[in-house]
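Quick note on numbering: the sequence shown equals residues -30 to -1, 1 to 289 in mature numbering (1 follows the signal peptide of the UniProt record, and there is no 0).
A quick write-up on the structure given underneath.
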Amino acid sequence: MSGWGRFCEQAVLQNGLVLILTVLVVNVAGQCSNPPSVQNAVLNDQSQLLNDFPEGTAVTYECNPGYRRASGSPSISCSNGQWSQPTLTCEKKSCGSPGEILNGRYDLSEGILFGAKARVICDEGYQLVGRERLCFADGWSSDVPLCEVVSCPDVSITNGKKLPPYGYKSFITFECDSGHKVNGTLTITCGQRLRCKDGNYHPSPPQCKVVSYPDVIITNGRKVSERLPPSGYKSFMTFECNPGYTLIGTRTITCGVNGWSTNPPACEKVLVHQLAGPPAEELTSWRIISEVMVKRGMTCLVIIIPFLYSTATQESYLE
């Protein structure tokens, strides 16, 4: 190759290199870095596939699930190595009203926007079946809770009537079997009413216990007959007093549901009345009698003065 040829070839190579370098410099100078973050938004699928962002590249954002575009443009572009300022604003979606719930209501203190909870408050006498509803990106959760009427369980008491279940605020009446009474310090007694509330009876059902009373002992007396069945109910006792005492009250007492039919009798000392002195019919006819007696040379005047008795009665006690 001639010298001219070599010169041309060399010039082309040098110019081409200069051209290539110039293009590379221009490309690097117009390249943008990764797009900036936007609150509550991400790059859409197409923009996420890009690795390089040369001059003039545009990317598009979309709001996160549960959020919607409120204002601004979803796109930005690369110019002179800088991204344009993002203006997209995303706000939470609203799930709207969760509707109505029978025998209850929703507590919407957290609002109705994405992520909020709608808690359920059942009316008095009703209980929640299910749980609160959640506001998702596509609306309220589909599991709708229920408020069901409170039902108390079956009630049975020993030595009393077996009762069926009742609904809220229903009243039931207990009656103890014969020979039994309510036991303890409960505020209710057999025959009082209970109320079903919160799945339980208020107050608690009573207990019917066997009627049993202690033995009866009287002073200055004794039992002459008795019947004491194991339960104590319908037992009876008959009493009599010791000699010299009289019985005050009922000789026989019987054990009923509320205790002995009457108080036990008492034994009191017998009072004996005795006359003293002259007979009653002579008490007002006595006179003064004087008599002179001579005996052994001595004269005695004997004056007998009877007492004038108005009642002439003395009381004495026989032991």
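For every residue, glycine included, the Cβ atom is placed at its ideal position computed from N, Cα and C.
For secondary structure counted as the beta strand (DSSP E) over 3 or more consecutive residues, the stretch 6 to 57 holds these complete runs in sequence order: 11 to 13, 28 to 33, 37 to 41, 45 to 49. Under the three-state reduction of DSSP, G(-1) is assigned to helix. Per DSSP, the continuous beta strand (DSSP E) segment holding R89 begins and ends at 87 to 92. Here L241 is exposed, its C-beta having fewer than 16 other C-beta atoms within 10 Å.
For a cut-off of 8 Å, the C-beta gap from S45 to T30 is around 5 Å, short enough to register as a contact. Contact between the stretch 74 to 87 and the stretch 10 to 28 is absent: fewer than 3 CB-CB pairs across the two stretches fall below 8 Å. Three or more beta-carbon pairs separated by less than 8 Å link the stretch 35 to 43 to the stretch 60 to 77, which places the two stretches in contact. When rounded, the separation of the alpha-carbon atoms in S112 and P68 is 10 Å. For the 8 Å CB-CB criterion, K151 and V186 do not form a contact. Residue nearest to P24 within the set T232, C2, S121 is C2 (criterion: CA-CA distance).
Ranking G214, R221, G130 by CA distance to the CA of M207 puts R221 first. Per DSSP, V180 is one residue of the beta strand (DSSP E) stretching across 178 to 180. The alpha-carbon separation between L20 and R75 amounts to approximately 50 Å. Per DSSP, V240 is not a residue of any beta strand (DSSP E), being assigned neither H nor E.
For the pair F209 and P235, the CB atoms are nearer than the 8 Å cut-off.
Distance from the CA atom of C105 to the CA atom of Q52, rounded to whole angstroms, is 39 Å. In the structure shown, K204 adopts coil according to DSSP, grouped into three states. DSSP, reduced to helix, strand and coil, places V99 within a strand of the structure shown. In the DSSP annotation of this structure, the continuous segment of the beta strand (DSSP E) that includes K62 starts and ends at 59 to 62. According to the DSSP assignment, L217 belongs to the beta strand (DSSP E) that extends over 215 to 218. Under the three-state reduction of DSSP, I82 is assigned to coil, being neither helix nor strand. N73 places its beta carbon 8 Å or farther from that of C33.
The beta carbon of L98 is closer than 7 Å to those of V90, C92, P115, C117 in its chain, skipping five residues each way along the sequence. Residue pairing of V119 in beta bridges, as defined by DSSP: Y96. Sorting C178, V119, R197 by C-alpha distance to the C-alpha of D147 places C178 at the top. Counting only residues of its own chain and dropping the five nearest sequence neighbours on each side, C225 has a CB closer than 8 Å to the CB of V181, Y183, G202, Y203, K204, S205, F206, S231. Cβ-Cβ distances below 7 Å link K193 to M207, T208, F209 in the same chain, with the five nearest sequence neighbours on each side left out; the list follows chain order.
Distances from the CA of E102 to each of L78, V119, C211, E94 were compared; the closest alpha carbon is that of L78.
If the five residues before and after T57 are omitted, its C-beta is found closer than 8 Å to the C-beta atoms of S41, G42, S43, all from its own chain and listed in chain order.
Distances from the alpha-carbon of T128 to those of G109, G149, K239 put G149 closest. In the same chain as N233, and ignoring 5 residues on each side of it, the C-beta atoms closer than 7 Å to its own belong to G219, in chain order.
For the pair V119 and E70, the Cα-to-Cα distance works out to about 17 Å.
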